């Protein structure tokens, strides 16, 4: 379903503001005055004559003109009336502060109905909320915000959007040097979701990047629209996605659903769109600092320098957990580093430069410059500052000056990292930001920022992904196909399956085995978990062995599938698909067979998927080492595996409206040039 897009320009960049209510409305006026809002502010109140020196109006109809923005801070019932009047007057939009709508549906029987009435009253006029604080625009000093905050006016900066008003308050108090242009809340997202608000702030030329704190995706279509516009404007978006959607877990039938995991689907969806994802609020803020100053990174190659071996080790160990690369130094860097640092320093990356050049700006600049000339996407210097109330920080300031000098001389992106975030004074962070050097609060946070900036850069370097497969399930009962039926459908879609026949009796199974040629595999049909039920027999080499095996399955099987035995594979993988309630059908690729639970090695692909995306997903698996010929063993037929996964993906796309689940386990990958076969398959779909 297509969601209508309403322009938020007048609402978030207003020239006139109307405020409705008591103390909350008064606070909005106070904040606008305090931050130097230059437009008109019109209080509306049923009894007061004036508020903070401004004449009060009684009704929306009494206002001098339709306001660009309105803060509606009254009870929930009156909110609906005021919103209806504002829409009729042609207002640019409104913040709905009141609670007691859908978020309180468990406590208030009319919560859902009131929210629907609110949306209907707004019509084409944008509203944000309800159950929301509003927003802070520090570019124009426009604050539809009924509370304290910790922000200052800026000329450019990042926008941070969240559903949570309290999280927004907390973010506004940050002391990390991050310039905040907008802090905005969305509340219940009754009409306007975070993605559409993000699209609106992206259009402001003074905004450099956007951060989203997401509890639940509001609209996939709006999220795709946001990703597309971010890429066009070269303004990156990064998310802190929390919570998990409530999808049915079908692990009782197969491994596919449990391997996918809805939170992992969210990560795959964001990666497809070129949107970063972090795990904590500090990571969000540190990533936005990097993106504000330098945008997406050209690669994941990072350098690190510190005056301590302990710090160098911390950086190296933290890098193991991240998709970054402490690339070895280039030969041409070694002599300049040796000349500036001396013979006793081990030249490496991460580099411990000891304290031989401590306090010497010229020598530090020479060393930092030599490192920054190595073509790294980001150059980090670990530097924890002393307490300014008890210690002298002169030498630390010298190091900062050397880093700034080197960054300016080389044009290379640079950052100073405090291993303990509290050791970076806010004044120092602000000074570094002004000089174009990122002040990172924490090693893990710095590397999370680099990882995300590199991932966004890599995503933007690839062709734009096709629109996400939108598929809504058809009505009808869900049925499970037999293995023979499932393999027949997959074979028609281009998936290679073993030669085989479906038969009814043990005698027919023996006859089919002789025609296929021994050895064979015999499987009982109509059994969900064949191995556990004893309904799979391998390497049957004669007529009598087939008869005996079939008769042993009589109690559990409704028929038999006889297949030619496949040669020993290089590796076994699982390829599956399930329907995610947000992203729709998604594909899972991972280590298969008995390794499914042991390795927990899988990747998620949103659909449709390109062959490049499939290859990248396989390359990221632990089992890819086996496929590439681990310790001299044969390499797997990678081309055939990619083709198999692509065929399975095409089958899912073609049957998206009725397919509930696909499970191919294992896909047996044979040595190079010999192919890949679907040895077992399960399909659940609507009739």
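Residue numbers (full-length UniProt numbering): 1 to 687.
We put the CB at the ideal spot given by N, CA and C, even for glycine.
These figures come from a predicted structure and were not determined experimentally.
Just to confirm before moving on: does the CB-CB distance between residue i and residue j stay below 8 Å?
i: residue 676; j: residue 640; result: yes
i: residue 127; j: residue 160; result: no
i: residue 304; j: residue 420; result: no
i: residue 476; j: residue 686; result: yes
i: residue 14; j: residue 25; result: no
i: residue 90; j: residue 66; result: yes
i: residue 193; j: residue 219; result: yes
i: residue 535; j: residue 527; result: yes
i: residue 602; j: residue 589; result: yes
i: residue 570; j: residue 512; result: no
i: residue 228; j: residue 270; result: no
i: residue 428; j: residue 439; result: yes
i: residue 454; j: residue 275; result: no
i: residue 577; j: residue 606; result: no
i: residue 481; j: residue 683; result: yes
i: residue 497; j: residue 678; result: yes
i: residue 170; j: residue 103; result: no
i: residue 101; j: residue 118; result: yes
Rounded to a whole number of angstroms, what is the C-alpha to C-alpha distance between residue i and residue j?
i: residue 373; j: residue 319; result: 21 Å
i: residue 294; j: residue 93; result: 34 Å
i: residue 493; j: residue 645; result: 11 Å
i: residue 510; j: residue 629; result: 37 Å
i: residue 207; j: residue 8; result: 15 Å
i: residue 338; j: residue 435; result: 28 Å
i: residue 404; j: residue 280; result: 28 Å
i: residue 263; j: residue 465; result: 21 Å
i: residue 298; j: residue 367; result: 23 Å
i: residue 681; j: residue 522; result: 15 Å
i: residue 317; j: residue 301; result: 16 Å
i: residue 230; j: residue 199; result: 8 Å
i: residue 443; j: residue 272; result: 27 Å
i: residue 748; j: residue 501; result: Only positions 1 to 687 of the chain appear in this structure, which leaves residue 748 out of reach.
i: residue 216; j: residue 288; result: 21 Å
i: residue 213; j: residue 384; result: 29 Å
i: residue 245; j: residue 266; result: The pLDDT assigned to residue 245 is 41, lower than 50, so where the model puts this residue is not dependable, and the model offers no usable value.
i: residue 543; j: residue 524; result: 17 Å
i: residue 670; j: residue 441; result: 49 Å
i: residue 334; j: residue 350; result: 13 Å
Helix or strand or just coil, what does DSSP make of residue i?
i: residue 331; result: helix
i: residue 667; result: strand
i: residue 529; result: coil
i: residue 685; result: strand
i: residue 249; result: In this predicted model, residue 249 has a pLDDT of only 35, less than 50, meaning its place in the structure is not dependable enough to derive any value.
i: residue 462; result: coil
i: residue 50; result: strand
i: residue 572; result: strand
i: residue 107; result: coil
i: residue 142; result: strand
i: residue 156; result: coil
i: residue 244; result: Note that residue 244 has pLDDT 47, beneath the 50 cutoff, so the model's placement of it is unreliable and no number is given.
i: residue 678; result: strand
i: residue 719; result: Look at the range of the chain in this structure, 1 to 687, and you will see that residue 719 is not part of it.
i: residue 636; result: strand
i: residue 55; result: strand
i: residue 135; result: strand
i: residue 369; result: helix
i: residue 346; result: coil
Identify every residue that forms a DSSP beta bridge with residue i.
i: residue 604; result: 588
i: residue 161; result: 184 and 212
i: residue 41; result: 17
i: residue 85; result: Residue 85 pairs with nothing; no bridge assigned.
i: residue 10; result: BP columns for residue 10 are empty, so no partner.
i: residue 578; result: 586 and 661
i: residue 96; result: 72
i: residue 352; result: 306
i: residue 337; result: Answer is none; residue 337 lacks a bridge partner.
i: residue 563; result: 500 and 521
i: residue 537; result: 522
i: residue 379; result: 303 and 414
Quick check on residue i - is its C-beta less than 8 Å from some C-beta in chain C?
i: residue 272; result: Annotation note: the requested chain C is absent from the structure, which comprises a single protein chain.
Taking 7 Å as the cut-off, is the CB of residue i close to at least one heavy atom of the ligand FMN?
i: residue 684; result: Here there are no bound small molecules, and the ligand FMN is not part of this structure.
Runs of alpha helix (DSSP H) wholly within the region 254–309 (minimum 4 residues, chain order): Look at the region 254–309 and you find these whole runs of alpha helix (DSSP H), each 4 residues long or longer: 256–260, 262–273 and 281–294.
In chain order, each beta strand (DSSP E) run of at least 3 residues that lies wholly inside the region 393–480: For the region 393–480, the continuous beta strand (DSSP E) assignments of 3+ residues that do not extend past its boundaries occur at 414–418, 438–441 and 478–480, in sequence order.
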